[in-house]
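Asks:
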Amino acid sequence: MARRSPDGDKHLVRRKKAVALTDMSAEQFAVAFTRLHGDTYVDRAAVLAPRERIIATSQTAPDGVVVGGIAAKIMHGGTWHDGDFTVELIRAPDAGNKRGRGRAVHRTDLEPDDVVDIEGVKVTSVLRTAFDIGRVPPEWRALGHLDDLASATGLCPEDLVDYVKKFPARRGIRQLRALIPMVDGRSESPPESWLRLLMFRADLPTPDLQVEVADPIDGHVFARIDLAYEQLKIAIEYDGEDFHSTPEQKAHDEARDAKLRALGWIVIRINAERMRTDR
1 MARRSPDGDK
11 HLVRRKKAVA
21 LTDMSAEQFA
31 VAFTRLHGDT
41 YVDRAAVLAP
51 RERIIATSQT
61 APDGVVVGGI
71 AAKIMHGGTW
81 HDGDFTVELI
91 RAPDAGNKRG
101 RGRAVHRTDL
111 EPDDVVDIEG
121 VKVTSVLRTA
131 FDIGRVPPEW
141 RALGHLDDLA
151 SATGLCPEDL
161 VDYVKKFPAR
171 RGIRQLRALI
181 PMVDGRSESP
191 PESWLRLLMF
201 RADLPTPDLQ
211 VEVADPIDGH
221 VFARIDLAYE
231 QLKIAIEYDG
241 EDFHSTPEQK
251 AHDEARDAKL
261 RALGWIVIRI
271 NAERMRTDR
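Residue 1 is where the sequence shown starts when you use full-length UniProt numbering, and the numbers rise one by one after that.
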């Protein structure tokens, strides 16, 4: 069965054109390709990186759209996203009224300063991206996205405070206002951000992030603690499945924790299950 686009691209095809110019049935096409945007489909055998997927989607979308939301955060260098994230497309300020075929195309009040160019793709600016992702519930996910954006771009919370003032009655604005003081680009994973939010909601003191602990004898830094109360020597670590699940990783964690305890630290380890069931 033909797997190459009539346009010569081995990954992207137009459904109507592909079916018309090949001997594929509609059922065969559905098995071979998955919908990317509008009438554009991608070979199911192709593995597109997130940025490739975003760029391909924007290039096949109606003229004048701007990539926003989580996709914009990825274009700005953000690394956290679900595998099936939606490529959100927004009408540019000067776009016409032609209706887009994509499910994620919508119109909003973008200003010219809200749009930047990244690799030839129109993308919402860092501030506008933060404004959009920070208003989407639930708040714990929003904080994870904001921290990720801050880590990638150096987003200044004070600048975001000023930007938000222009939209006093926008949906989700109260959530965003509450989250801005907690945004911290030093957070190295969304669960760390969520854990900080839980601690804040429990009226616990604000912890410091990525606290380094050195061996008192040789000065070698042997531990970098996710969240800590350094004066009290309380270490809070989030154990993600990707980095703390193998026997070797667990043995390394145990040895490190033993050394911290020998120096007077209290070590508290949190995982996803505890976050869900034992807040």
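Every residue, glycine too, gets a C-beta built ideally from N, C-alpha and C. Keep in mind that this is a model prediction, so the values were computed, not measured.
The alpha helix (DSSP H) that contains K250, what's its start and end?
Replies: P247 to A262
Asks: Assign I70 to one of two classes, buried (16 or more other C-beta atoms within 10 Å of its C-beta) or exposed (fewer than that).
Replies: buried
Asks: Could you tell me the distance, in whole angstroms, from the CA atom of Y41 to the CA atom of F33?
Replies: 6 Å
Asks: So within the stretch 39-80, which uninterrupted alpha helix (DSSP H) runs reach at least 4 residues, ignoring any that extend past its ends?
Replies: 50-59 and 69-75
Asks: Helix, strand or coil, according to DSSP, for E212 in the structure here?
Replies: strand
Asks: To the nearest angstrom, how far is it from the Cα of T86 to the Cα of A142?
Replies: If you take the alpha carbons of T86 and A142, they lie about 15 Å apart.
Asks: Where does residue 280 land, buried or exposed, given buried means 16+ other C-beta within 10 angstroms?
Replies: Not covered by the structure: residue 280. The range shown for the chain is 1 to 279.
Asks: Helix, strand or coil: which one does DSSP assign to I266?
Replies: Three-state DSSP puts I266 in a strand.
Asks: Can you name, in chain order, every residue of its own chain whose Cβ lies under 7 Å from the Cβ of D229, other than the five neighbours on each side?
Replies: Reading the sequence as shown, one finds Tyr at residue 229 and not Asp. For Y229, where only same-chain residues beyond five positions count, the Cβ hits under 7 Å are P205 and P207.
Asks: Suppose you measure from the CA of T57 to the CA of A49; what does that come to, to the nearest Å?
Replies: 12 Å
Asks: Measure from the alpha carbon of W194 to the alpha carbon of each residue in L160, V221, E139 and G185, then state which is nearest.
Replies: E139
Asks: Alpha carbon to alpha carbon, what distance is there between D239 and C156?
Replies: Each residue's Cα considered, the two are about 28 Å apart.
Asks: In whole angstroms, what separates the C-alpha of residue 280 from that of T79?
Replies: Given a span of 1 to 279 for the chain in the structure shown, any question on residue 280 remains unanswerable.
Asks: Starting from A234, trace the beta strand (DSSP E) both ways and give me its first and last residue.
Replies: First, the amino acid is wrong: residue 234 is Ile here, not Ala. Element bounds for I234: I234 to D239.
Asks: With distance defined between alpha-carbon atoms, name the residue in R256, N271 and R186 nearest to L209.
Replies: R186
Asks: Return the first residue and the last residue of the alpha helix (DSSP H) that V164 is part of.
Replies: P157 to V164
Asks: Along the beta strand (DSSP E) that carries residue 283, what are the first and last residues, could you check?
Replies: Since the first residue shown for the chain is 1 and the last is 279, residue 283 is missing from the structure and cannot be characterised.
Asks: Which word fits A201, buried or exposed, when buried means at least 16 other C-beta atoms lie within 10 angstroms of its C-beta?
Replies: For clarity, residue 201 is Arg in the given sequence; the question names Ala instead. Answer is exposed; the Cβ neighbour count stays below 16.
Asks: Considering only C-alpha positions, which residue in the set P181, A72 and R171 is nearest to A152?
Replies: Taking only the C-alpha atoms, the option nearest A152 is A72.
Asks: Could you check the C-alpha separation between A272 and P190 for me, to the nearest Å?
Replies: If you take the alpha carbons of A272 and P190, they lie about 11 Å apart.
Asks: How far does the alpha helix (DSSP H) with R276 in it reach, from first residue to last?
Replies: A272 to T277
Asks: Could you give the DSSP three-state label for R186: helix, strand or coil?
Replies: coil
Asks: Is the beta carbon of V183 closer than 7 Å to that of F146?
Replies: Before going further, note that residue 146 is Leu rather than Phe in the sequence given. The Cβ atoms of L146 and V183 lie closer than 7 Å to each other.
Asks: Label H252 either buried or exposed according to how many other C-beta atoms from any shown protein chain fall within 10 Å of its C-beta, with 16 as the threshold for buried.
Replies: exposed
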